[in-house]
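This report refers to the structure that appears directly beneath it.
2 protein chains.
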Amino acid sequence: MTISEIAKLANVSIGTVDRVLHKRGRVAPETVEKIMTIVNDYGYQANTFARNLKLSKNFHIGVLIPMLHSEFGYWNLIYEGILKAAKELSPLAVSIDMVEFDRSKPENFMNTAEKLLIKKPDAILLAPVLPDAAREFLAKYNEMDYAFIDSPLPDMFPVSTVVQNPFRGGYLAGRMMNLLSPQEGTYITVQTHKAAYNSSERARGFKTFFSNKKGYRNIELEVQLTDGGIELLENAYREYSDIKGIFVVNDAVHRIANIIALLGRKNQTVLIGYDLIDQNRKAMLCGQVDCLLSQRPDFQGYTAIYQLYRKGILNQMPDPTICVPIDIILPENLEDERSTIIPQEALCIPRNK
Amino acid sequence: MTISEIAKLANVSIGTVDRVLHKRGRVAPETVEKIMTIVNDYGYQANTFARNLKLSKNFHIGVLIPMLHSEFGYWNLIYEGILKAAKELSPLAVSIDMVEFDRSKPENFMNTAEKLLIKKPDAILLAPVLPDAAREFLAKYNEMDYAFIDSPLPDMFPVSTVVQNPFRGGYLAGRMMNLLSPQEGTYITVQTHKAAYNSSERARGFKTFFSNKKGYRNIELEVQLTDGGIELLENAYREYSDIKGIFVVNDAVHRIANIIALLGRKNQTVLIGYDLIDQNRKAMLCGQVDCLLSQRPDFQGYTAIYQLYRKGILNQMPDPTICVPIDIILPENLEDERSTIIPQEALCIPRNK
DNA sequence: TAAGGTTGCGTTTACGTTAACGCATTAGTG
DNA sequence: CACTAATGCGTTAACGTAAACGCAACCTTA
Numbered sequence: 001m002t003i004s005e006i007a008k009l010a011n012v013s014i015g016t017v018d019r020v021l022h023k024r025g026r027v028a029p030e031t032v033e034k035i036m037t038i039v040n041d042y043g044y045q046a047n048t049f050a051r052n053l054k055l056s057k058n059f060h061i062g063v064l065i066p067m068l069h070s071e072f073g074y075w076n077l078i079y080e081g082i083l084k085a086a087k088e089l090s091p092l093a094v095s096i097d098m099v100e101f102d103r104s105k106p107e108n109f110m111n112t113a114e115k116l117l118i119k120k121p122d123a124i125l126l127a128p129v130l131p132d133a134a135r136e137f138l139a140k141y142n143e144m145d146y147a148f149i150d151s152p153l154p155d156m157f158p159v160s161t162v163v164q165n166p167f168r169g170g171y172l173a174g175r176m177m178n179l180l181s182p183q184e185g186t187y188i189t190v191q192t193h194k195a196a197y198n199s200s201e202r203a204r205g206f207k208t209f210f211s212n213k214k215g216y217r218n219i220e221l222e223v224q225l226t227d228g229g230i231e232l233l234e235n236a237y238r239e240y241s242d243i244k245g246i247f248v249v250n251d252a253v254h255r256i257a258n259i260i261a262l263l264g265r266k267n268q269t270v271l272i273g274y275d276l277i278d279q280n281r282k283a284m285l286c287g288q289v290d291c292l293l294s295q296r297p298d299f300q301g302y303t304a305i306y307q308l309y310r311k312g313i314l315n316q317m318p319d320p321t322i323c324v325p326i327d328i329i330l331p332e333n334l335e336d337e338r339s340t341i342i343p344q345e346a347l348c349i350p351r352n353k
Numbered sequence: 001m002t003i004s005e006i007a008k009l010a011n012v013s014i015g016t017v018d019r020v021l022h023k024r025g026r027v028a029p030e031t032v033e034k035i036m037t038i039v040n041d042y043g044y045q046a047n048t049f050a051r052n053l054k055l056s057k058n059f060h061i062g063v064l065i066p067m068l069h070s071e072f073g074y075w076n077l078i079y080e081g082i083l084k085a086a087k088e089l090s091p092l093a094v095s096i097d098m099v100e101f102d103r104s105k106p107e108n109f110m111n112t113a114e115k116l117l118i119k120k121p122d123a124i125l126l127a128p129v130l131p132d133a134a135r136e137f138l139a140k141y142n143e144m145d146y147a148f149i150d151s152p153l154p155d156m157f158p159v160s161t162v163v164q165n166p167f168r169g170g171y172l173a174g175r176m177m178n179l180l181s182p183q184e185g186t187y188i189t190v191q192t193h194k195a196a197y198n199s200s201e202r203a204r205g206f207k208t209f210f211s212n213k214k215g216y217r218n219i220e221l222e223v224q225l226t227d228g229g230i231e232l233l234e235n236a237y238r239e240y241s242d243i244k245g246i247f248v249v250n251d252a253v254h255r256i257a258n259i260i261a262l263l264g265r266k267n268q269t270v271l272i273g274y275d276l277i278d279q280n281r282k283a284m285l286c287g288q289v290d291c292l293l294s295q296r297p298d299f300q301g302y303t304a305i306y307q308l309y310r311k312g313i314l315n316q317m318p319d320p321t322i323c324v325p326i327d328i329i330l331p332e333n334l335e336d337e338r339s340t341i342i343p344q345e346a347l348c349i350p351r352n353k
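Those protein sequence lines, which keep their order, are chains A and B.
With this note's numbering, letter number 318 in the first sequence gets 318, and the count goes up by one each step, no holes.
With this note's numbering, letter number 53 in the second sequence gets 53, and the count goes up by one each step, no holes.
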């Protein structure tokens, strides 16, 4: 079914059909009805190729995420997924542009974010780790499509939100801790950004798992990544002689693992952390980390870009929220958990090369 | 960069450029070189929209998988992923057609498979659970693009193979078993299709995990789904009084779980199985199953369709093998493991319907 | 009633690619 | 030397959509 077939059936020209389909007015009501009846009966759908050819639309996505090196590779994994999607979608006129912001300086967010707008994106992919700043920014450019990644921002209307449930992640960490170290004792939760939604929810989940278990104590520590936190942990071991396990709520677990190894406490302490960044993979391979949970950051980035593309180019209804499963990684399945999404090459065939 | 821009730069017509790009001959060698230099220097890439509009290619994928109801829902999950991809890709001129075959009757495979060819597919998605039959079929239609799902077929040249490593899955099941039930004793592996590659590899992986552990005995049982296998298991419990756990290598675990419950042996037996089909989810919710591994069948189906589409429509180089991570599902993360891929709605906007 | 505006519709061009067609010029053959 | 064949190239018509443009016919208002 094409526009000209409809035109023929309705005894009008394609211009008239087009005006009806795009509600550009200047068509007699009876004609509108006649055309709409045909359109509905035959189930017309615009040809995506023709449509995009004519519009020579190029769909530009602005990506706004924390500085890639501000943490230990988590944001890099997200960015890799984003890049992979962008490569695949480049022949479909999708392009991206990234700006990194400093999550420790909310006051700079707006300035940084506005750099993104210079390139006039058609949509924005945003990690709302600074909720207030993100809200302010989106309110200012409220006509723009946007998607969230890493964490949600309630009461907003994104095209899509790609996240993982951090509470259940923490709860599952509790369960894994209990499997890996069934004994009673003290279990420590380590956070680095206490304000971060994901971090605090994971800590809460972990705590909840142990809350109805007698004999299990849960202590929360906040370690500053700058000073390394050696003394803090040393003190903890001094204060609580029965420390059996540590759950680090983010990708910094390899740092804590190092400290535990330095303190010579690894053999009494089970370590569980988050995210399969390189350092954590290595830490697991050399036995410093026992279990990792993963929120599949590459998949999150990849998926979020695809959602925006589907809305922008294909005119499809995206999935409003995509909840990423929680991966459990043990040394036994570590090697299978290499990135699913960023393998070999996804470039165009050099057709005529 | 478009063809006409190249033509202008080379002082030739677009027809000549097209002949060079498509190697249709009848162009002077110097002209070819001149044009190719420009193409390479400027990095020309054909506009996908224009290309597909002109070709009005519609890319039809034939899907050839075992009967959806021959097992307990695993193939249905795969099919759901396939359908989701097909829906998303329908505006890009991708369509699919499925034919189910009876994996217990290899001799019928060729007949069934040829039904698929009536619709003249441009590519085939195939689960090579009957290796010899699949080889024979593909040899006969050797010009066709194809992808494998569920299991590989060595020495073939598919567009892509989307699978999971079954040995490591079995090995990981061993590790989980050891966590959930650390005691020494007898651990049983249950298979239903002994010939199936995935099944036997998983059994081997499980056995390997326990092979260097003193005090742990591994027994293999083959249960026929038809007779239910009650006696077989009853006998096993009689023969080995120290049965501590059972690993079912496929989605039939809920059936075995039922039997164990009937025999009143659940409290002494840890049950680990495969795949998050509905019955297994229910069995886990009511405590009959302790742990499930998942090969993300929906993701496999979805991904494989996308690989074929990328090759066929976008002219991209697909990822030759995609190895799906092994999911570990415990009651604690069961709810997060609802299908990532088949959520809400991914339909086209009822544009004009 | 003439000038100007509005309404309803058809026509046309353009997007970039593909491939058929056509037309010269040259090469090969009897 | 005429006659066909091959070579090298330009021209053109699609593919389906979008939107500018143009043109009647009718309606206002001075």
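Just so you know, even glycine gets a beta-carbon here, dropped at the ideal spot from N, CA and C.
Taking 7 Å as the threshold, the shortest C-beta distance from residue 58 (chain B) to chain A does not fall below it.
At least 7 Å separates the beta-carbon of residue 85 (chain B) from that of residue 58 (chain B). Contact residues of the segment 58-76 of chain B toward chain A are absent (C-beta to C-beta distance below 9 Å). Judged by DSSP in its simplified three-state form, residue 288 (chain B) adopts coil rather than helix or strand. When Cβ-Cβ separations below 7 Å define contact, residue 171 (chain B) makes contact with chain A. The alpha carbon of residue 168 (chain B) has as its nearest neighbour, out of B:91, B:7, B:3, B:327, the alpha carbon of B:327. The way I'd put it, the segment 156-174 of chain B does touch the segment 318-325 of chain B; three or more beta-carbon pairs between them come closer than 8 Å. Counting the other Cβ atoms within 10 Å of the Cβ of residue 177 (chain B) gives 16 or more, which makes it buried. Between residue 273 (chain A) and residue 292 (chain A), the CB-CB gap stays under 7 Å. With respect to the C-alpha of residue 78 (chain B), the residue from B:297, B:37, B:187 having the closest C-alpha is B:297.
With a cutoff of 7 Å on beta-carbon distance, residue 35 (chain B) and residue 20 (chain B) are scored as near each other. Closest by C-alpha distance to residue 31 (chain A), out of A:10, A:22, A:45, is A:10.
Annotation: residue 257 (chain A) to residue 271 (chain A) spans about 7 Å, alpha carbon to alpha carbon. Note that the segment 170-187 of chain A does not touch the segment 100-111 of chain A; fewer than 3 beta-carbon pairs, one per stretch, sit closer than 8 Å. Closer than 7 Å to the CB of residue 33 (chain A) there is not a single CB belonging to chain B. Listed in chain order, the beta strand (DSSP E) elements of length 3 or more contained wholly in the segment 204-285 of chain A are 216-222, 243-248, 270-274. Apart from sequence neighbours up to five positions away, the residues of its chain that approach residue 7 (chain B) with a beta-carbon distance below 8 Å are 13, 14, 16, 17, ordered along the chain. For residue 205 (chain B), the CB contacts under 8 Å within the same chain, skipping 5 residues up- and downstream, are 166, 167, 168, 169, 170, 171, 172, 173, 174 in chain order.
Shown here, residue 199 (chain B) sits in a helix according to DSSP, grouped into three states.
Note that the C-beta distance between residue 63 (chain B) and residue 82 (chain B) is below 7 Å. Around the beta carbon of residue 145 (chain A), 16 or more other beta carbons sit within 10 angstroms, so the residue counts as buried.
Under the three-state reduction of DSSP, residue 100 (chain B) is assigned to strand. In the structure shown, residue 21 (chain B) adopts helical secondary structure according to DSSP, grouped into three states. Of B:251, B:255, B:334, B:130, the smallest CA-CA separation from residue 202 (chain B) is found for B:251. Taking a C-beta cut-off of 7 Å against chain A, none of the residues of the segment 116-135 of chain B qualify. What residue 327 (chain A) touches in chain B, judged by beta-carbon distance under 7 Å, is 325, 327, going in chain order.
The continuous alpha helix (DSSP H) containing residue 307 (chain A) extends over residues 297-312.
A Cβ of chain B is located within less than 7 Å of the beta carbon of residue 179 (chain A).
Residues of the segment 145-169 of chain B whose Cβ lies closer than 7 Å to any Cβ of chain A, in chain order: 165, 168. Distance from the Cα of residue 289 (chain A) is smallest, within the candidate group A:311, A:245, A:304, A:128, for A:245.
In the DSSP assignment, no residue is bridged to residue 169 (chain A). In the DSSP assignment, residue 65 (chain A) is bridged to A:100.
Where residue 79 (chain A) is concerned, the enclosing alpha helix (DSSP H) starts and stops at 74-89.
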